[in-house]
Structure formats: C-alpha cells, structure tokens
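Structure record follows, encoded as structure tokens.
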Amino acid sequence: MAFSLHSLLKRPLQSIVSSTVCQTSKIHMNIESIENKTKSTDNISNNKNPRRIDTHHHIIPEFYAKAVEETGGDPSGWSTPKWSIEEAKEHMSHLNIETAIVSITAPGTKIYENDKKKGRILARKLNEFSNDLVKNNAKQFGFFASLPPLTDVEGTLNEIEYVHSTMKPDGYTLFTSYGLGQYLGHPLFRSIWTKLNELKSVVFIHPSEAPTPMVNRYLPQPLIDYPQETTRTASDIVLTGTRAAFPNVKIILSHAGGTLPFLAQRIAMAGSIPSLQCSRQSHQILTDFRSFYYDTALSSSIPQLMALLEFADPCKILFGSDVPYAPLPAVIDTTKSLDSFFQKNKIGKYKNLWQNINRGNAKILFPDKIQD
Ligand SMILES: [Zn+2]
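The opening position of the sequence shown corresponds to residue 520 in the working numbering, with each subsequent residue numbered one higher.
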C-alpha cells in the first residue's frame with residue numbers, strides 16, 4: 520500500500536481523545552469521579568444498586584404481537600416473547616434498572632412496508648401505548664417513538680412532527696435498513712435526517728432482518744446477522760457523509776456497535792483509496808464512528824468490552840439489557856459479566872466508568888428525563 524494507514528489513523532484517534540466533543544460529559548465525569556472515588560468502586564464491591572438507566576429495553580403490546588403473527592411472524596427467525604408491564608418491572612428490579620427507555624424492536628412497522636396506511640396507523644398506536652405507559656410510570660419509563668417504515672417519507676415526517684409536539688418522546692427508533700436493503704445513508708432518507716437534526720433528536724438504531732438468508736437453522740439472524748447489520752448501516756451513514764451533515768442528531772448504536780469497534784479501522788481505509796472517491800477521509804471516518812453512542816446490550820464478554828472501551832468515547836457508552844427478547848437468565852449473566860469486568864478493572868484507565876455506563880452518561884443524554 521502506498522500510504523501508511525497506521526500513521527493516517529493514529530493521529531485522529533489521539534486528537535479525538537483530547538478534543539472538546541464531549542466537554543460537558545468530561546466535566547460531569549470529573550465531578551462524578553470526585554464523588555465516585557470511593558463510591559463507584561464501593562458500589563461494585565458492596566454490590567450496591569447502580570440505579571441503571573436501560574436504553575435498550577423492549578415492550579411488546581398485545582396488538583403488536585398479534586400484527587406480527589398475522590403478517591407471517593418475525594422475519595429474522597426469532598420468536599416474539601410474551602410481555603407485560605408487571606413482568607417488565609420484575610425484570611428491571613432483578614437487574615437494578617431504575618429507568619428504562621423503551622422501544623419496539625424489529626420488525627416493528629416494517630411488517631407494513633407495502634401498506635402505507637397500516638404502517639402509519641401502527642406507528643401511531645405504538646406511540647400512544649408507549650406515551651400512556653410513560654405517563655403512568657414516569658420515574659420508571661421513557662420511550663423512543665416508533666415511526667412508519669422510513670420508505671414512507673411523508674408519513675415518517677408527519678409522525679415525527681406529531682409525536683414531538685404532543686408526546687415529547689426521548690428519541691426515535693430507526694431500523695438498520697428499509698425496503699430492498701436501503702441502509703440509513705440512502706438519499707431517500709435525507710429529509711428525515713434533516714428533521715431529526717433540526718429537533719436535535721436522539722436516534723436509537725436497532726438492527727432488523729438482513730437481506731440475506733439464514734446461515735442455517737441453528738442461527739436465527741439476531742445471533743449472527745444483526746451485529747453486522749448495525750455495522751453496515753453505521754458505515755453507510757458515515758461514508759455517505761450523512762453523519763457529518765447532521766451533527767445535532769445523537770445516534771445510539773445497539774449491541775456495542777455490532778462489529779464496528781473491531782472493523783472500524785478497516786472500513787476507514789475507504790477514505791484513503793482514491794478510486795473510491797469517498798467524501799470522507801480516513802481520519803474523518805474514524806471521528807464520525809466515535810461520535811456514536813454505543814449500548815452494552817448482550818455485549819459484555821471481555822473481548823466485546825475490550826474492543827468497545829478501546830474504540831468508543833467513554834462518555835458515550837450506555838447500559839442496555841435487550842429484555843425481553845433476550846431471556847432474563849441470559850441478561851442476568853451478561854449484566855453480571857459487565858459488573859465483574861469493572862470489578863476487576865476498578866483501578867487504572869477504566870476506573871469510574873462502571874457508574875457512568877450504568878447511569879451517568881444516560882443522565883447527560885436525557886437531561887429532561889433524568890434529573891437526580
Ligand atoms: Zn433489541
């Protein structure tokens with residue numbers, strides 16, 4: 520290769536660490552770190568309640584489960600679990616989750632990609648349900664609004680306008696792709712990003728079915744394809760210049776960014792290959808990737824956490840559980856694994872991160888929702 524990729528990529532990563540991108544968070548971390556000098560590590564060792572804020576937490580209203588079943592079931596090959604408010608609260612209590620920002624997972628309104636009217640009606644019904652849930656349990660729940668399939672641009676813009684002015688959601692759920700494999704940097708979605716940017720929205724990107732067949736019957740898509748779908752759409756957003764064009768949108772990637780922390784430098788090579796004519800240079804691509812928030816849902820093995828912590832901005836890592844699509848015992852295990860990692864790394868460069876991942880970072884991201 521004619522250029523030194525390492526030298527190209529080394530500089531921006533170092534400069535990002537000392538940049539002011541996350542200045543508010545840094546101040547917050549400093550203040551918290553004083554408080555937490557004893558508290559954070561004590562919390563872990565004494566197993567005190569971390570008062571987690573869960574930004575990856577799904578609800579499944581009965582009318583939605585029925586609609587999924589009637590339209591042929593979840594195309595990812597995953598079965599739709601049972602859900603109730605009571606059970607959700609029980610799960611939260613087991614996991615020390617004080618507040619859950621709830622969302623509808625895939626396929627969501629995509630079950631009606633070929634029927635605009637039904638897609639719009641379902642999005643509205645889901646938002647009304649979520650809004651009622653929050654109104655009746657304000658301390659325990661917030662919500663990311665559902666939108667019609669994004670290929671219905673007019674319907675999506677109308678729903679954003681409606682829920683923003685009437686319900687004040689904590690953000691919006693987008694899926695990784697729509698239509699025939701149109702990822703989120705597709706020009707069709709430009710006006711939607713413009714609107715979300717105007718509103719300075721939080722956007723929660725959740726993986727949805729991949730436009731590829733299942734590997735085999737043992738591997739429903741959420742196990743192997745979902746992480747890659749997150750990587751594909753994040754790369755699409757960045758390499759098309761969409762991320763850079765709409766900097767006010769705060770984007771959360773599910774599951775520690777899928778495979779993004781592992782592949783980021785490889786993908787960033789696109790900015791250094793002249794024949795590709797990519798509008799972003801390698802160091803800009805890495806900066807854009809690091810502007811994302813990353814949740815820890817089902818992603819707390821040591822290799823996953825090490826990759827995430829070495830790549831992401833520590834002010835932008837959020838706790839996620841993925842209940843109830845992941846069964847409670849599995850989520851308890853992954854949560855224990857998260858706690859245990861920071862228990863073993865409570866000194867050194869990861870100190871104080873445990874409390875910020877569980878609560879501090881989300882508190883800054885949702886200042887209207889979380890005030891204490
Ligand atoms: Zn999920």
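Don't be surprised by glycine CBs; every beta carbon is placed ideally from N, CA and C.
Query                                                                                                         : Result
Segments assigned alpha helix (DSSP H), at least 4 residues, entirely inside the region 586-654               : 604-613
For A826, the nearest candidate out of F781, F694, Y844 (CA to CA)                                            : F781
Spatial distance of A789 from L817 (CA atoms)                                                                 : 29 Å
Whole-angstrom distance between P739 and S622, CA atom to CA atom                                             : 21 Å
With 16 other Cβ atoms within 10 Å as the buried cut-off, status of A619                                      : buried
Cβ shell of D689 (< 7 Å), same chain only, five flanking positions each side left out                         : I620, G661, F662, F663, V721, F885, K888
Sequence-distant residues of its chain with Cβ nearer than 8 Å to Q796 (five each side left out)              : none
Contact test: A903 Cβ vs ligand 1 heavy atom, cutoff 7 Å                                                      : This structure cannot settle anything about residue 903, because the visible part of the chain is limited to 520 through 891.
Cβ neighbour criterion (16 or more within 10 Å) applied to P741                                               : buried
CB contact flag (E617, I679, <8 Å)                                                                            : no
D841 CB to nearest heavy atom of ligand 1 below 7 Å                                                           : yes
First and last residue of the uninterrupted alpha helix (DSSP H) at A764                                      : 761-764
Residue range of the unbroken alpha helix (DSSP H) whose run includes V850                                    : 847-863
Own chain partners of V734 with C-beta closer than 7 Å, once the 5 adjacent residues on each side are dropped : I743
L824 classed as buried or exposed, judged by whether at least 16 other C-beta atoms fall within 10 angstroms  : buried
Between the CA atoms of T750 and T761 - distance to the nearest angstrom                                      : 15 Å
Limits of the unbroken alpha helix (DSSP H) element including D887                                            : Element bounds for D887: n/a, residue is neither H nor E.
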